[in-house]
Each structure stands twice: as C-alpha cells, then as structure tokens.
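Chains as they are written, first to last, in our numbering: chain A, 1 to 378; chain B, 1001 to 1200; chain C, 2001 to 2291.
Single-structure report; data block below.
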Amino acid sequence: MYVPVKGGERAIENAHKLLAEERRGNRDTPDLDVAQIDEQLALAVDRVMTEGSLYDRELAALAIKQARGDLIEAAFLLRAFRTTLARFGYSIPIDTGQMVVRRRISATYKDLPGGQVLGPTFDYTHRLIDFSLLEGADPENLEEGESDMGVTPHVLNILDREGLMEPANGSSGAQERGEDGEVHVGDLTREPLEFPADRDIRLQRLARGDEGFLLALGYSTQRGYGRNHPFAGELRLGEVRVGFVPEELGFEIEIAEITVTECEMVNQFKGSKNVSPQFTRGYGLTFGHCERKAMSMALVDRALRAKELDEEVEAPGQDEEFVLAHADNVEATGFVEHLKLPHYVDFQSELELVRRMRAEIEAAKVRNGDAEQIEAAE
Amino acid sequence: MSGLAQQEYFAGFGDPVHEAQACFRSLMEAMSRPGSIVEVDGPCEVPAPLSPVMASVALTLCDYETPIGLVGELRSDAVAGYLRFHTSAPVVDDLTEAAFVFLPNVSALPDLGTMRPGTASYPDKSATIVIDAGSFGTGLDVDLSGPGIETHVCFSATGLDAPFWRHAQANHERYPLGLDIIFCGPNAIAALPRSTKIEA
Amino acid sequence: MAETSGYNFAYLDEQTKRMIRRALLKAIAVPGYQVPFASREMPMPYGWGTGGIQVTASIVGRDDVLKVIDQGADDTTNAVSIRKFFKRTAGIETTTQTHEANIIQTRHRIPEEDLRADQIMVFQVPIPEPLRFLEPRETETRKMHALEEYGLMHVKLYEDISQHGHIATTYAYPVAVKQRYVMDPSPIPKFDNPKINRSPALMLFGAGREKRIYAVPPFTDVHSLDFEDFPFEIQTWREACALCGATGSFLDEIVTDDAGGRMFVCSDTDFCEKRREAGHAGPALAAEGAV
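Quick look at the structure:
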C-alpha cells in the first residue's frame, strides 16, 4: 500500500551529518586551520569578503572552511551574518590617495610619479605547475627592499590637471545633497533597489556583484557590445585607513586599516552637444586583492554611464536594469537552486493541462478522420 | 523644541519586543478590517497631550527612517522630546516630509494637500495620519465599505463630523493614492485606509 | 524548544521588523500593490521562502500557533525546516492542523479547509510581478501598474486561447484585486485562486529576493482574469483521492511503478488525514480493508 512520505526532520538531520562528514574528509589528513586559509588562500578570502560585503578575514576564512571551498556559499554565510550586526553609523570615505601602495601600475604612461610597482602579481609568471609546492617548499627569503614609497598620486589627476578628464563625481553632478551640503550616499542594504539607480547605488551593487558575471560583461564591452575604448589608467593595491566619527566624541578616530584594490579606467569620449571631447572614468573598488573584479567592475561602471553620457544604450553591459538585477550571486544562486525544491503541485497543474490539450487534439483528429472517411465514401 | 535636559522622563515600552509586536498586530487587524475597534495597551505614563495609545502606535512604527510631523498641541517640547528619545525619529516642521503625522484631535486636521499621498508609481510612499479620536461610537455615523469589510460597517468617533468625512471621502477618491488614517481611542484603535468608501 | 540565544525573538532585529511592518500596513491599504521593502539576507537561501519568513517573523507573537506547508504538505523538507527555524528563534508552538493554526505560511498551496477571520495566510513568492514574463523591465511594469495598463496581459491570455483553445496558465494565474491592481497570487495552482476571493482571512505575500510585499485584506474582491466567452475555470480530476476518497480537493499524482501505474492523493496532507480519521476511505484503502 502507498504510504505518504514522512520524516522530513530526520532526513534533514541526516543530511546535515553527512555534510559535516564530507566537509571534514579523511581524518588522517590534518584539519584545516582558519589561519592557513587566511594566509595561503588569501585571494579566496578577499573575494569572499568583497562579495560578502564584510571586511573580516578570519570570519571569511572560517566561512570558506565551513562552505568546503564553495566561495559563493561562503559569501552567503558572511552576508547572513552581516545582517545581524548592529549598525553604529557610516565611516568617513576612505582616501585611496593616501594608500600605502604595494602594487601600482598604469597602462597609460611609461613612467610617472611614484613609479610603476609590480608588487605581488601573477602577471608575468609562466603558468607552469610548480611541483615543488607538493613537497611544501618555502619560497626564498625576501631581501629588504625600499619599502616606504611615500604617497603616490592618482594617475587620473594628471589628466585632470590638463582638463582632459571629467570631474571625479561624473558629469551628472546631480547627486542629492543634504542640508549640510554633504552628498547623500544611498545604502543598498537598507533601501530596496529602484530604477533608474544613481551611480552610488550602482557602484555598491557592482562591488557586491559576482566576479564571473562582471568579468563576462566587462569582456563583452571590449568585444563591441557597448564598446567604450578603455585604458587601465591605474590599478593600485595597498592599505588604507578607515576613519569614523562617533556621535558622542564628535571627532574622527581610526578604527581599522584595510587592504583594497582600486581600478580607474580611462575611456575615450567624443563629447556631446554641451561637453567638449574629454576622457571619462570607470571605477572599480574591492576589499583585499581582487584585481580581475576591480577591472571588470570599472569596465561595467563606465558602460552603465551610457545614458548619462548621451551614448546609445544597445548592449547588455550598458543596460542598468539587466546588469544590476542580475549581478548579485547570492540572489542568483538562490533562485537558480530553488528549482531543487518540490514543485510537484505546479507540475501537476501543467500535466493536467497538457494531457487535456492532447486529448482534445486526438479527438479532433478522430472527428476529422471520420469526416474524411464519410467524404471518401460519398 | 529643545532637548530632554530639564524634562520629566517618561518610560517607553516595558518589554519593547513583545509590546511592539502586540501593538502591531492590533494595527494590522485594524487596517485590514477598516472601522472595527481593536484593543491596544499603551505605556502607563506619557507626556500630555500624547495619549498612551498614540504613544504605543509611535513606538511600534516609527524610527530614524520615518520623519514625523506633530500638529497642534502635540507640537510641544515634551512630546517631541519623548518621541525622539524613544523612536529616534526626526521631528519635521514640513508635513510633506512626514511619514507619520500625529494629531491631538480632528479639528487640528491640516489641509490634506499638505501631506504626501504617494505617487502613481509608488502609492506606498504616502503619509499615515494618527489621530486622537477621543472615543468610538459617539458622533456622526457613517457607513464604510470596501476591502476588509464583508458588507458594511457603521462607524463613528468623537469629533468626526461631516466636513471631516467629506475630506476622507475625497481622500478615498484619489485611490490608489491617498493617506491612511489610524484613530486612537482610550484603549483601542480603528483604521481608515484609503481603500475604504465612506457614505453618510 | 528553547529560543536560540544571541538572536532577537523571531530572528529579525526590531528595526527590520518595524520596516517590514510599515510595508505591510501600506500593502494592506493598497490591496494587490507591490510595496518595495529592504529585504534582508536571511540564514537560508533566496528561493527558500525568505520573503514569507521575513513577513512571518515580523508579525508573529509568543501566543501564535504556526503551520508551515510546502506543496500542501507539512512534512516536505523545507516546510519542516522553516517550522524548526521559528521554533528555535521564537520558541512558538507549531502545528500541522489547519484549524489549530492562526498563522499559516505556505509555498504553492492554500489549505482545502475554509479559512477563518482569525487566521493569517503568509505566501512565499518567487516573482511577485505578474507582468514579468511579458515585460522583464521593472521600469516598464511599474509604469503599467501606475497607468492601470494591463492590455498586454489580456493579449497574452487571448493568444493562448487562439493557439491552444485554453488559457495555458495553470499556476500563478493572474488576478485583479478590487478591480485595480493585477496581482500574482504566487505559484499556487489556479485551483486555489477562488479561495482568495472574499476570504475572511488576511493574506500576506512576501518576496525576499525581489524585495516586495503585498496583501489582500479579508473580503476583498479578487477576480481571476478571463473573458466572457472563456470564463476562468479550475482544474478537476476524474479520480478521487486514493486514500480519503475526496473528490473536490487538489490531487497529486504519485507514480507507483515503472509501468505507467499511478494513483492520485490529496496534496493537502492535513485535510486528507482528517478525512481518513473521520472514516472516509479512498479506493486504495478500501481495497486493502477488503483483503
């Protein structure tokens, strides 16, 4: 006899136990230390902090461990934790001009004040598997280099000084200003996304957005889907200070030093009726070292400025609603994966309709067949 | 309207989580069944002329995201200070900025045009008016119908006179734009969302 | 079960609850209109009912009794998981019996048993915008709702009829609320649409990923879109429930073997159990009794 399925609770508990077992793997292999993930899988930690929208290396490393290396799952864990945190206020904007630079390159000038600093990069490695890492080989000790580079000016300011660069806040300049004259910056995590979105909200959405999605979109703009002639004006990696003004103190205190990657793209702009030809900006910023993401973000940011710059919106990368609605991988993965949940009631509804329509078509065929036979007989 | 410094202190909810929840359920019940009288408790002591039930409504719904407007005798330092302290809501002079407008009685009702009715695209971006209505079941009877009402409901409250109901019906006629009204009685509330039709 | 320490009652912080509560009141004041709200990231994925969970968490109190169903069943894994979440975070009583519950959170079904005025339905909604499959842009659909411009929807339904002889929408079947807003009743089978019309219970809809809340107050006219010559009709089955013999309920098809064998049973498990307890028996049970 048929017995309806029961025992969902036990099934879930068992699934959780199996998952824990699989996560740990063979117990003869030492358990992963969160510090090891933080130190040796640092770029994974950086990505999870960026897309998880929370700067906490240890928590991000823990999330990666818990998620068995699934970085989207890890970012999701971080986001779900983040929403439960009390909010004390907003920090003072970070000043990347004051960054202690570890890597800084510009593709638009051969040399420039502060110099080209390669820093830690895969760029000129030969992608040959290094079998010595199998044995756990340690790298050579670094020689003490000249560590203090001093302050490095932004490359785009050089163009700016000549009037060749649009102002940093874009040509729109129509940002909301509060009574105190300060620019009001929206907060995507406290207000629902509405269209059209201002650039502050767009950049927040892109900063939290999926690296793969932005990479593909940025790439598409290079291939002619909304081409905007980008140059990597500057890419910099390093440490910046985060300042905060507590209500009760009334003056700024430093609350953290964080690592960020910043990319400023320089894009050609033909000019419009009111604006003479000049260069325009695309901007990307991430926590930690996420170069690919920062560059993709800068390409997409620039592409999304099409309307503001009187360019025709014709490609996916320029389509604000398309890009912003689908950039978030925590949302995307949820909706794609929810197809795993039971849908049998809706499927039953479809089955019933398809069967009925097929029956009607069969019946009609039979009727037509009869009619033809009668005709033939006449 | 200055700070709290020399003012008397009045407590808010004793148990904020559960009292706010209970008050909200009453509000939801009232809003989804227009004209029905739903019981609400309030904090024991509040600065006059704020009524305990009104205070309850404010503590349940208002915070730093909801600018509030105070009209008539409610525009006092004591009331503004109390609401600011317990809800962190900014008190604004310009009613078009207010998400919630509090009135001590119906006669203090400003021109409805001074409060925001929402927009065609976002009719939810409209103000909610909270009125101290004295008591229910006294005054001019009107007949309410619409969503939330099975057939008709007969409703009246202190001070709700013919001119008020004309304004309220005009508000309804702008549907889906419009203001939503919460009436506060001594130990109860009733609501009149913009969706409710009013007949004398 | 004890409440999980470290988290607020029903998980959400009070500011979030207030924000959702304000959205709920506006949603009730404008039936069928989708109110944008700042949906939070929940500790379960988008698509798993985060909208419904946020709504339930914002309305639930210590004395409420909660029922959670998915596909009409209390024992489906996600229904179990959501029930457990509220037991853990709010310490409230839960039930599988429709008549005992005063909050019923659901995915894809409305219980067969008539709802009462003291009950609240909370629907989990994936895509709240009924026009989304006709027009993917929010900027456009928002304009259509503002202008009450629903021609596109009628054209789509009519094209179905001319192509297939039927309106080919069988679930998430669009409704007009109080002759104003066209609304997605969530992916319930159209079989359940009539249960929303003038129901004595308040119906709340939460879409977490899409960040929308909407509502149908009690006794509100909710009309499933149709045409004079093609009136709306619900699904019917030739079979009765194999377990309880019910004929007027929504039936799930159970495949019993690899040779085309199948049986039909009520999708509402509580309804089916109640009927069996009351002595009703469908063909499967009757046959067994005879042995």
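Ideal Cβ positions, reconstructed from N, Cα and C, are used throughout, including at glycine.
query, result
"Suppose the cutoff is 6 Å on Cβ atoms and the five residues either side in sequence are ignored; what does the same chain contact list for V2122 (chain C) look like?", "G2052, V2055, T2056, Q2105, L2204"
"For L214 (chain A), which residues in the same chain have their Cβ closer than 6 Å to its Cβ, ignoring the five residues on either side in sequence?", "S296, M297, V300"
"Does DSSP classify M1115 (chain B) as helix, strand or coil?", "coil"
"Run down chain C in chain order and give the residues with a C-beta less than 9 Å from the C-beta of S1121 (chain B).", "R2142, K2143, H2145, A2146"
"For the alpha helix (DSSP H) containing T2269 (chain C), list its first residue and its last residue.", "2269 to 2277"
"Measuring only from the beta carbon, is K2017 (chain C) closer than 7 Å to any heavy atom that is part of the ligand ADP?", "The ligand ADP is absent from the structure shown, which contains no ligands of any kind."
"Quick one: which unbroken beta strand (DSSP E) runs of 3-plus residues sit fully inside the segment 1120 to 1197 of chain B? Chain order, please.", "1128 to 1132, 1142 to 1145, 1153 to 1155, 1180 to 1184, 1188 to 1192"
"Do you know how far the Cα of L353 (chain A) is from the Cα of S2162 (chain C)?", "15 Å"
"Mind checking who C2266 (chain C) pairs with in its DSSP beta bridge?", "C:L2251"
"Would you report the Cα separation of I2020 (chain C) and I1068 (chain B), rounded to the nearest angstrom?", "18 Å"
"Tell me L235 (chain A)'s beta-bridge partners as DSSP assigns them.", "A:I105, A:C263"
"What ranges does the alpha helix (DSSP H) occupy inside the segment 2140 to 2210 of chain C, keeping only unbroken runs of at least 4 residues that lie completely in it?", "2151 to 2164, 2193 to 2196"
"Could you give the distance in angstroms between the alpha-carbon of P2031 (chain C) and the alpha-carbon of V260 (chain A)?", "46 Å"
"Using the C-alpha atoms, what's the distance from G317 (chain A) back to G218 (chain A)?", "7 Å"
"So, at 6 Å on beta carbons, what are the nonlocal neighbours of F81 (chain A) in its own chain, with the 5 sequence-adjacent residues on each side left out?", "none"
"Quick one: is Y90 (chain A) near chain C, going by C-beta distance under 8 Å?", "no"
"Is any beta-carbon of chain A found at less than 8 Å from that of G2047 (chain C)?", "yes"
"In three-state DSSP terms, what is K270 (chain A)?", "coil"
"Is there a C-beta anywhere in chain A that falls below 8 Å from the one on T2089 (chain C)?", "no"
"Mind reading off the beta-carbon distance from A1157 (chain B) to T1138 (chain B)? Whole number of angstroms is fine, and I expect it under 8 Å.", "7 Å"
"Quick check on the burial criterion: 16 or more other C-beta atoms within 10 angstroms. Buried or exposed for C1062 (chain B)?", "buried"
"Per the DSSP calculation, T2094 (chain C) is bridged to which residue(s)?", "C:L2066"
"Between L351 (chain A) and chain C, is there a C-beta pair that is closer than 8 Å?", "yes"
"Run down chain A in chain order and give the residues with a C-beta less than 8 Å from the C-beta of E2041 (chain C).", "F76, R79, A80, R82, T83, V330"
"Give the DSSP-derived three-state secondary structure of R971 (chain B) in the structure shown.", "No statement about residue 971 (chain B) is possible, as the shown extent of chain B runs from 1001 to 1200 and does not include it."
"Give me the Cβ distance between T50 (chain A) and G212 (chain A), rounded to the nearest whole Å; I'm assuming they're in contact under 8 Å.", "No, T50 (chain A) and G212 (chain A) are not in contact; Cβ-Cβ is about 13 Å, not under 8 Å."
"Please report the distance separating the alpha-carbon of E2113 (chain C) from that of T2098 (chain C).", "7 Å"
"Ignoring anything shorter than 4 residues or poking outside the segment 305 to 359 of chain A, list the alpha helix (DSSP H) runs there in chain order.", "320 to 326, 329 to 337"
"Beta-carbon within less than 6 Å of Q175 (chain A)'s beta-carbon, same chain only, minus the 5 sequence neighbours each way: which residues are those?", "Residue confidence for Q175 (chain A) is low, a pLDDT of 49 falling below 50, so the modelled location carries little weight; the figure read from the coordinates is stated next. These residues qualify, in order along the chain: V183."
"What residue range does the alpha helix (DSSP H) around I37 (chain A) cover?", "34 to 40"
"Counting only Cβ pairs nearer than 7 Å, list the residues of chain B close to V2035 (chain C).", "D1124"
"Give the residues of chain A in contact with G2072 (chain C), contact being defined as C-beta atoms less than 8 Å apart.", "V345"
"Taking D1111 (chain B) as the reference, which of B:V1101, B:A1120, B:T1119 has the closest Cα?", "B:V1101"
"Measuring alpha carbon to alpha carbon, tell me which of B:K1197, B:S1135, B:V1079, B:L1095 ends up nearest S1088 (chain B).", "B:V1079"
"For R1033 (chain B) and chain C, any beta-carbon pair shorter than 8 Å?", "yes"
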